[in-house]
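Using our numbering, count along the sequence shown one by one with no gaps and you end on 261. Report on the following structure.
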Amino acid sequence: MNSFGEFLYALRKEKGMTQAELANLLGITNKAVSKWETGEAMPETSLLVPLSKIFQVSVDELLNGSRAQSANNNGAPKNNENRDGNSYEKLQINYCDKTRHIFTKEKPEKTFLEIICGIVCACILFISVTAYLLIGFLSDKWTPYWIMIPLSALLCGVVGCVFDLCNEKKRNEKIQRGENPFVGALCAIVMLSCITVYLILGAALSLWHPLWMIILAGAFFCALIGAFGELFRNK
């Protein structure tokens with residue numbers, strides 16, 4: 027545990043907060059808070075200001091791992107007071123409640139890549155559903171072509187993985203959570219591809235029973251990818 031982790035742990039205990047409560051305030055996972063306190067990771071710079079407001083300390087004090095000297099009598103605020111004049115309860119209302127309520131949840135602003143990814147996936151789904159309905163109504167052959175719907179969903183998953191790899195913000199968020207974005211994306215693409223091949227061959231050849239081994243093979247390769255990725259990261 028480094029000085030930052032020790033200081034964060036002490037501040038959290040002073041407030042009587044659990045790691046889960048702090049994580050909910052910041053919109054992150056419990057695992058991330060735990061890694062901060064044990065010194066395995068540091069919070070993103072965008073989270074330092076919210077942390078300072080929650081615990082009523084300055085960002086410099088957070089990074090230094092200790093409180094600064096007490097203020098003099100010239101009217102400066104004390105270190106244990108919020109410099110914005112907001113109490114911890116007001117901060118909870120302004121920063122936490124609006125982001126947790128299902129109807130008033132403030133979603134983060136989407137990046138350009140996320141917008142493009144959403145447009146591409148929407149086009150894929152629209153085209154596949156439209157083609158399936160047209161083929162079904164015109165030729166009255168619904169049975170073999172139903173596979174177009176799950177295939178389009180799987181293709182959207184692959185597109186999403188590729189765009190996430192190109193999105194620096196998403197990569198940094200996964201790294202902050204202790205995940206390897208490249209290993210996760212590669213495993214997802216492998217599994218989605220295996221399921222796609224299984225559905226195509228199963229629908230075309232009606233060999234559903236023996237071909238389920240493709241799914242197991244995909245899971246095996248994902249396990250190998252995860253093992254090598256973890257070994258490389260530790261090294």
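Note that CB positions come from ideal geometry on N, CA and C, so glycine has one too.
* **Three-pair Cβ contact test at 8 Å for the region 49-58 versus the region 195-205** => yes
* **Which of helix, strand or coil DSSP assigns to D86** => helix
* Asked: Taking all protein chains shown into account, do 16 or more other C-beta atoms lie within 10 angstroms of the C-beta of G31, making it buried, or fewer, making it exposed?
  -> buried
* Does DSSP put T44 in a helix, a strand or coil? -> coil
* To do: Just mark E63 as buried or exposed, buried being the case when its beta carbon has 16 or more other beta carbons within 10 Å.
  => buried
* What's the C-alpha gap between K196 and V188? -> 11 Å
* **Reference E199; option with closest CA among Q82, C220, W234 and E70** => E70
* Would you call C213 buried or exposed, if buried means 16 or more other Cβ atoms sit within 10 Å of its Cβ? -> buried
* Close Cβ partners of M174 (< 7 Å) along its chain, the five nearest in sequence each way excluded -> S154, A157 and Y158
* **Integer Cβ distance of L151 from C192, believed to fall under 8 Å** => With a Cβ gap of about 21 Å, L151 and C192 do not count as contacting.
* Integer Cβ distance of Y224 from L242, believed to fall under 8 Å -> Actually they are not in contact, since the Cβ atoms of Y224 and L242 sit about 10 Å apart, beyond 8 Å.
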